Amino acid sequence: MAVANEKQGCLSVIFPFLKRSQKTSKELPYRLRDDFLSPAEFSFYKVLSSLVGSQLTIQSKVRLADVFFVARPNENMAYFSKIAQKHLDFLVCDSVTMKPLFGVELDDSSHKRNDRQERDEFIESVCKVAGLPLLRLAAQREYNSREIAAQIAPFVSEKVSVSVSSQPEVSKQVNSVPLCPKCSIPMVLRTVSQGEHKGKQFYGCQNYPRCREMKPITA
Ligand SMILES: [Zn+2]
Numbered sequence: 173m174a175v176a177n178e179k180q181g182c183l184s185v186i187f188p189f190l191k192r193s194q195k196t197s198k199e200l201p202y203r204l205r206d207d208f209l210s211p212a213e214f215s216f217y218k219v220l221s222s223l224v225g226s227q228l229t230i231q232s233k234v235r236l237a238d239v240f241f242v243a244r245p246n247e248n249m250a251y252f253s254k255i256a257q258k259h260l261d262f263l264v265c266d267s268v269t270m271k272p273l274f275g276v277e278l279d280d281s282s283h284k285r286n287d288r289q290e291r292d293e294f295i296e297s298v299c300k301v302a303g304l305p306l307l308r309l310a311a312q313r314e315y316n317s318r319e320i321a322a323q324i325a326p327f328v329s330e331k332v333s334v335s336v337s338s339q340p341e342v343s344k345q346v347n348s349v350p351l352c353p354k355c356s357i358p359m360v361l362r363t364v365s366q367g368e369h370k371g372k373q374f375y376g377c378q379n380y381p382r383c384r385e386m387k388p389i390t391a
């Protein structure tokens, strides 16, 4: 008896869901989708992945809120909800740093609808203000890999210099506290907690870790 109990205990450690599913007969209603990527998306994905090689990584269906953040915290709620449920069709990142390089939107016939156009314009504006190039292509059953190669060339060849934070430096200061060049909000004083610079102070962004801008303290 003791052995049996012990066995069950072991199993429930390995498969915690076993125990739960025994208790409740009502099954959760989730099933795996057979159309994770639409035919047009999958066709494009295959062409794109053959072009970018291993230097770049393609993410599909990426939520805007996982790519962008709201720079001014007191406006967070309203602006966050606008990006919380929208997705980019594809996001291409540098494989080494996972830094986003450019986004891709495939426009099918639904993109002609008014509400859809509003959404598309909003996504375009978000990408523009945050400095992420966005490629918009008509959804097709088949893609010409030469055409796609030409379209992505500007982003791929300059992949090191294309960066989300490549915005002009803002040198404005408020009461000697610098503004974050990316978020345009006052930075905060931080202290290095470890390593050879331990104890040294610097200005960091309030939005850390979403924003990693920092500035030295100047006398
Ligand atoms: Zn910042």
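Residues in the sequence shown are numbered from 173 upward in steps of one, following the working numbering. Just so it is clear, CB atoms sit at the ideal spot from N, CA and C, and this is done for glycine as well. Bear in mind that the values here come from a model prediction, so they are computed numbers and not experimental data.
Is the beta carbon of residue j closer than 8 Å to that of residue i?
i	j	result
Ser215	Arg308	no
Gly371	Met359	no
Tyr315	Val219	yes
Gln366	Ile389	no
Leu306	Glu296	yes
His259	Arg291	no
Ser222	Ser317	yes
Lys387	Pro350	yes
List the whole-angstrom C-beta distance separating residue i from residue j, where the pair is believed to meet the contact cut-off of C-beta under 8 Å.
i	j	result
Val328	Val239	About 19 Å; that fails the 8 Å criterion.
Ile255	Val298	7 Å
Lys354	Glu385	5 Å
Considering residue i, what are the terminal residues of the beta strand (DSSP E) in which it resides?
i	result
Met386	Met386 to Pro388
Val360	Val360 to Thr363
Val276	Pro272 to Asp279
Leu309	Leu306 to Ala310
Gln373	Gln373 to Gly376
Along the alpha helix (DSSP H) that carries residue i, what are the first and last residues, could you check?
i	result
Lys300	Asn286 to Ala302
Phe252	Asn248 to Ala256
Glu213	Pro211 to Val224
Val264	Element bounds for Val264: not the alpha helix (DSSP H) but the beta strand (DSSP E), His259 to Asp266.
Val239	Leu236 to Val239
Practice prompt. Evaluate contact between the stretch 223-239 and the stretch 260-272, counting only Cβ atoms and requiring at least three cross-stretch pairs below 8 Å.
Written response: Judged by pairs of C-beta atoms under 8 Å, the stretch 223-239 touches the stretch 260-272, as three or more such pairs exist.
Worksheet item: Just checking, does the stretch 274-281 make contact with the stretch 204-221 on the three C-beta pairs under 8 Å criterion?
Response: Judged by Cβ distances under 8 Å, the stretch 274-281 makes contact with the stretch 204-221, as three or more pairs qualify.
Worksheet item: How would the residue list near ligand 1 read, in chain order, if you kept each one whose beta-carbon is closer than 5 Å to any heavy atom?
Response: Result (chain order): Cys352, Lys354, Cys355, Cys377, Asn379, Cys383 and Glu385.
Discussion item. Whether or not the stretch 268-277 and the stretch 243-250 are in contact is what I'm after, with contact meaning three or more pairs of Cβ atoms, one per stretch, closer than 8 Å; do they touch?
Written reply: The stretch 243-250 vs the stretch 268-277: no contact.
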